[in-house]
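With the UniProt record's numbering applied, the sequence shown covers 1 to 300.
The beta-carbon is built from N, C-alpha and C at its ideal position, and this holds for glycine as well.
Just so you know, these numbers come straight off a predicted model, no measurement behind them.
Notes follow the structure.
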Amino acid sequence: MTMTRPHPEVPMPRKTTTRTAPRPPSLTAAERTVRAVWLNPTQDGLQTARRKLVRAMWRARRAGLRTRYTQLRTLYRQVCAAQAARDWESSAPELARRARNVQDPTQYHREQIQQLPGQSALLTLSSPGERYQEPRPAPRPLGRTRTRIVHDQFSGKTRRERERAARDHAEQYYQALRTWDVHQIGGGKLPREKGNGGGRMRPIVGNWASAPYDLGTREVDMPWRNVPEGVLAQLVNTDPTLSAIRDGTTLATLLDPRGGWHPSKPQAVKYAHAVLTLAFHLGDPHAQEHLRTLPIAEIQ
1 MTMTRPHPEV PMPRKTTTRT APRPPSLTAA ERTVRAVWLN PTQDGLQTAR RKLVRAMWRA
61 RRAGLRTRYT QLRTLYRQVC AAQAARDWES SAPELARRAR NVQDPTQYHR EQIQQLPGQS
121 ALLTLSSPGE RYQEPRPAPR PLGRTRTRIV HDQFSGKTRR ERERAARDHA EQYYQALRTW
181 DVHQIGGGKL PREKGNGGGR MRPIVGNWAS APYDLGTREV DMPWRNVPEG VLAQLVNTDP
241 TLSAIRDGTT LATLLDPRGG WHPSKPQAVK YAHAVLTLAF HLGDPHAQEH LRTLPIAEIQ
């Protein structure tokens, strides 16, 4: 029996033993899927998105894309949290608010301002004050993972750098409250005795005047500007957290000498939120942006 040789112009197929790498998953497509089920959540839609993310994570791991796998895992956890919270039972106002978050970033900024303590809808919608005129970065896109570096279009800083700035700013107010450095403004005094009529008048300027007849004002040194002691004491006394900071019964510092937050991070973030809220009430123009940068999830 003779073997027939193939035509010389038709090459024989060669068997290969090399494994072809799987096609890397698209992070943009995964974010689009999560955003779609976030705006219109259904039980089947969340389950389908969860299965897609599982397959995408498997492909990312097979391809050796560690960062892509971490980003997809974050999206997967968001979908799992939505399933646990039964997002498909969300009310119509909640779904409308989510849609406004995507379609109207200006309205989203207004709602964020209204959620801060001491703010009203009339103040933020009619005539915003000077502290709101400064441009602010757009909100993080829905479905975006925290491992992706998102640059602020106004300051050019990453989220890590903005959190470091918020931490340092809070530390300044924290130490100023603990120190409570008071100085006197003005030194005029009235004599103790005068002639007939009104000889024992005592002018009250601020609170806790250093002398019975002192006409000056006592101010406390704060990072942004000096604040009258009476005004600051009234704000501090209304908040138990600020009162504890003022009494010195809390952490000595919010920072770790090696960098980052204090080892007791939940407490440090809680105190930072309290002092930055105080700074916001005092009119600090940067306090609101620092409040948005704090990792509030650490204290919840």
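- Task: Apply the 10 Å Cβ neighbour rule to Ala56 and answer buried if 16 or more other Cβ atoms are within range, or exposed otherwise.
- Result: So Ala56 ends up on the buried side.
- Shortest alpha-carbon distance to Lys270 belongs to which of Thr179, Glu31, Tyr174, Lys52? In terms of CA proximity to Lys270, Tyr174 leads the group Thr179, Glu31, Tyr174, Lys52.
- Roughly how many angstroms separate the alpha carbons of His183 and Ala252, rounded to a whole number? Here the alpha carbons of Ala252 and His183 stand approximately 23 Å from one another.
- Task: Please report the residue range of the beta strand (DSSP E) in which Glu219 lies.
- Result: Annotation for Glu219: the continuous beta strand (DSSP E) segment containing it runs 217-220.
- Message: If I follow the unbroken alpha helix (DSSP H) through His183, where does it start and stop?
- Response: Residue range 182-185 is occupied by the beta strand (DSSP E) that includes His183, with no alpha helix (DSSP H) assigned at that position.
- In this structure, does DSSP put Pro228 in helix, strand or coil? DSSP places Pro228 in strand when its eight states are reduced to three.
- Query: Measuring CB to CB, does Ala81 end up less than 9 Å from Leu39?
  - Reply: Not closer than 9 Å, so no.
- Item | Per-residue DSSP class, three states only, for Leu95 | Helix at Leu95.
- Message: Per the DSSP calculation, Trp261 is bridged to which residue(s)?
- Response: Looking at the DSSP assignment, Trp261 forms a beta bridge with Leu255.
- Query: For Pro285, does the three-state DSSP call read helix, strand or coil?
  - Reply: When DSSP states are grouped into helix, strand and coil, Pro285 belongs to the coil group.
- Inter-residue CB distance, Glu163 and Pro257 (contact presumed, cutoff 8 Å): The pair is not a contact, with the Cβ atoms about 18 Å apart (cut-off 8 Å).
- Task: Might you give, ordered along the chain, the residues of its own chain that have their beta carbon closer than 7 Å to the beta carbon of Arg200, omitting 5 neighbours on each side?
- Result: With a pLDDT of only 38 at Arg200, under the threshold of 50, the placement of this residue in the model should not be trusted; the figure read from the coordinates follows. So the list is empty, once near-sequence residues are dropped.
- Query: Are the region 257-268 and the region 232-249 touching, with three or more C-beta to C-beta distances below 8 Å?
  - Reply: Contact between the region 257-268 and the region 232-249 is absent, because fewer than three Cβ pairs lie under 8 Å.
- the region 269-285 touching the region 231-241, judged by at least three CB pairs closer than 8 Å: Cβ pair count under 8 Å is three or more, so yes.
- Where does Thr250 fall in DSSP's three states? Note: Thr250 maps to coil in three-state DSSP.
- Message: Among the candidates Asp181, Leu46, Ala165, Val54, whose CA atom is the shortest distance from the CA of Gln288?
- Response: Of the residues Asp181, Leu46, Ala165, Val54, the one whose Cα lies closest to the Cα of Gln288 is Ala165.
- Task: Measure the alpha-carbon distance for Val79 versus Asp221 and round it to whole angstroms.
- Result: It is roughly 48 Å from the alpha-carbon of Val79 to the alpha-carbon of Asp221.
- Thr74 to Arg35, Cα distance in whole Å? C-alpha separation (whole angstroms): 13 Å.
- Message: Distance check for Tyr69 and Thr277, CA to CA, integer angstroms please.
- Response: Near 37 Å, if we compare the C-alpha coordinates of Tyr69 and Thr277.
- Pro93, buried or exposed, once every other Cβ within 10 Å from all chains shown has been counted against 16: Under this definition Pro93 is an exposed residue.
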